[in-house]
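Chemist:
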Amino acid sequence: MELSREWVTVRASIVLTFAVAVLSIVVGLLHISGVSVAGPLSPYIPDIVRQTVGFTGTLTGFAMLASGYALKRGYRVGLYSTAILLPLTGLQGLLQVSVVSLPLVALSIVSIPALFFNRDRFRRTYRPSPTQLAAATALTTALGYGTFGSFALREEFTGIESIVDAFYYTVVTASTVGYGDVTPTTAIGRMFGLSVLVINVAAFAIALGVLLTPAIEAQLSKALGKMTQRQFDLLDDHVLVLGYGDLTEPILEELIERDVEYVVVTDDERHASRLADRDVAVLAADPSDVGPLETARIADARAVVVATNDDAEDALAILTARQLNPDVRIVAGATQRENVDKLRRAGADDVISPATLGGHLLVDSAFGADSKAVAEEIMDEEGLGIAESGGSERDGTSDGSGPDGNTN
1 MELSREWVTV RASIVLTFAV AVLSIVVGLL HISGVSVAGP LSPYIPDIVR QTVGFTGTLT
61 GFAMLASGYA LKRGYRVGLY STAILLPLTG LQGLLQVSVV SLPLVALSIV SIPALFFNRD
121 RFRRTYRPSP TQLAAATALT TALGYGTFGS FALREEFTGI ESIVDAFYYT VVTASTVGYG
181 DVTPTTAIGR MFGLSVLVIN VAAFAIALGV LLTPAIEAQL SKALGKMTQR QFDLLDDHVL
241 VLGYGDLTEP ILEELIERDV EYVVVTDDER HASRLADRDV AVLAADPSDV GPLETARIAD
301 ARAVVVATND DAEDALAILT ARQLNPDVRI VAGATQRENV DKLRRAGADD VISPATLGGH
361 LLVDSAFGAD SKAVAEEIMD EEGLGIAESG GSERDGTSDG SGPDGNTN
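Counted the way full-length UniProt numbering counts, the sequence shown spans residues 1 to 408.
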């Protein structure tokens, strides 16, 4: 229960982030349109500042939406960006000096300690691929070329008097909208305008394709998984591996060696894609949700293995698996030794602490013992044998702690 409460607080901080984002967008749009009720600080803030922060507040809101999505995926970069944006939204709410902006200020202040309290829960790192970096660099370079080039050639244009005008012209040209308020007046200006159009349109098309394709593929993976429905329907007496962590590859190698059919359920799109490329049966979905486990036919599974790097997520996956199949044998790996009993209470038949097991092996080997024999002895004492065991302590064929370790 403690792990569940911790996960709830994490979700609460994510919900607060999305709430601040939506509220920042709404309040910003209200101020841009002039719909606001003057607050007590109104006489002290110039109108130009209020209008500016209304515009920037809307942009900050959209940036906050992206940060909230990153938090939802557990990325560390989402934590950093949200930590920067929350004080910014609160400050913008104060400068908007409107009664309607007061809830934004209050919600931003409340969200900061919640984010700080859960900072250790966002540990995933985001590493863009070389192609994505190249596309982003090309887009930035193209915009810079158009902006600084048109500003340098401002005498060849009408309507360009500042760097902001030059940036505006570049973006409008790249979008092929062409309002007509900025136009070239000489041959050099026209040729430069054509180059801006071609370079920026190509850069935008490449960047959008490269940057958005992974997101689209991720959504398709979530909706359809990496297996066909017919393949799911044929699953029977298989092992479900919930989540992906440091122990997953050794688990898969052992299952392959024992010729056991298995399915991996993970919400990490990159790992799911890599597993699919290796012809591993994988479903890209949240392993703690009911739908994906039903799709993976947990009712017909012989065993469930849960061993990621996050004991809290493992506990949720165990609770869901136990609810859907009370008789299935569930074995979990605890990253932290103090969570062994908690994972047992969540519904796991056996919980292994790799740290404890490794400690036994290292010490016994240091005193001259055969590490392989020691490992087999420890496994027998714990009553393990995941892939070979066909029973469960709930049906009386294995007590999960006795020395017999029966196998089929």
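Think of the CB as a built atom: it goes at the ideal place given N, C-alpha and C, for glycine as much as any other residue.
1. Leaving out five residues before and five after H238 in sequence, what residues of the same chain have Cβ atoms less than 8 angstroms from its Cβ?
2. According to DSSP, which residues form a beta bridge with Y262?
3. Which whole-angstrom value is the C-beta distance of L247 and A321, which I expect to be below 8 angstroms?
4. Evaluate contact between the segment 19-28 and the segment 51-71, counting only Cβ atoms and requiring at least three cross-stretch pairs below 8 angstroms.
5. Return the first residue and the last residue of the beta strand (DSSP E) that A332 is part of.
6. May I ask you to report which of helix, strand or coil DSSP gives E6?
7. When burial is assigned at 16 or more other CB atoms within 10 Å of the CB, is Y169 buried or exposed?
8. What residue from F122, T183, V177 and L194 has the CA that sits closest to N309's CA?
9. Does the beta-carbon of L293 have 16 or more other beta-carbons within 10 angstroms, so that it is buried, or is it exposed?
10. Let me know the secondary structure DSSP gives V305 once reduced to three states.
11. Do you know whose CA, among L316, R278, G146 and A281, lies nearest S195's CA?
12. Count the C-beta pairs between the segment 100-120 and the segment 149-156 that are closer than 8 angstroms, then say yes if the count reaches three, no if not.
13. Does the pairing of the segment 108-121 with the segment 132-143 give three or more beta-carbon distances under 8 angstroms?
14. In terms of residue numbering, what span does the alpha helix (DSSP H) encompassing A317 cover?
15. Taking DSSP's pairing of strands, which residues face L208 in a bridge?
16. Any C-beta of chain C sitting closer than 8 angstroms to the C-beta of I256?
17. Could you check the C-alpha separation between I330 and A276 for me, to the nearest Å?
18. Nearest to G347 by CA position, among H31, V210, E257 and A315, is which residue?
19. Under the assumption that F18 contacts G68 (Cβ atoms under 8 angstroms), give the Cβ distance between them as a whole number of angstroms.
20. For the alpha helix (DSSP H) that A284 lies in, which residues bound it at each end?
21. Tell me which same chain residues have a C-beta within less than 7 angstroms of the C-beta of V10, skipping the five on either side of it?
22. What separation, rounded to the nearest whole angstrom, lies between the Cα atoms of A285 and T140?
23. Please state the DSSP three-state secondary structure of D120.
24. Taking all protein chains shown into account, do 16 or more other C-beta atoms lie within 10 angstroms of the C-beta of P184, making it buried, or fewer, making it exposed?
25. Would the beta-carbon of R127 fall within 8 angstroms of that of Y75?
26. Considering only residues of the same chain and omitting the five flanking positions on each side of F204, which have a CB-CB separation below 7 angstroms?
27. For S288 and A334, which I take to be in contact (beta-carbon distance under 8 angstroms), what is that distance rounded to the nearest angstrom?
28. Terminal residues of the continuous beta strand (DSSP E) containing V351?
29. Going by beta carbon distance, what residues of the same chain come within less than 8 angstroms of D311, once the five residues before and after it are set aside?
30. With a 10 Å radius around its C-beta and 16 neighbouring C-beta atoms as the bar for buried, classify T131 as buried or exposed.
31. By the DSSP assignment, the alpha helix (DSSP H) with I256 in it spans what residues?
Modeler: Taking the definition as stated:
1. V260, E261, Y262, V263, R297, D300, A301 and R302
2. V239
3. Actually they are not in contact, since the Cβ atoms of L247 and A321 sit about 17 angstroms apart, beyond 8 angstroms.
4. Result yes; three or more Cβ-Cβ pairs closer than 8 angstroms.
5. R329 to G333
6. Its pLDDT being 48, under 50, E6 is placed unreliably in this model, and the value from its coordinates should be taken loosely. Reduced to three states, the DSSP call for E6 is helix.
7. buried
8. F122
9. buried
10. strand
11. Ranking the options by Cα distance to S195, first place goes to G146.
12. The segment 100-120, when compared against the segment 149-156, does not touch it at the 8 angstroms Cβ threshold.
13. Touching, no.
14. That run of the alpha helix (DSSP H) goes D311 to L324.
15. DSSP output for L208 lists no bridge partner at all.
16. Among the chains in the structure shown there is no chain C, since it carries only a single protein chain.
17. 24 angstroms
18. A315
19. 4 angstroms
20. No alpha helix (DSSP H) holds A284; the beta strand (DSSP E) holding it covers V282 to A284.
21. N118 and R121
22. 34 angstroms
23. helix
24. Result: buried.
25. no
26. L139 and A174
27. Not confirmed; about 17 angstroms, so no contact.
28. D350 to I352
29. L3, A334, T335, Q336, N339, K342 and L343
30. exposed
31. T248 to E257
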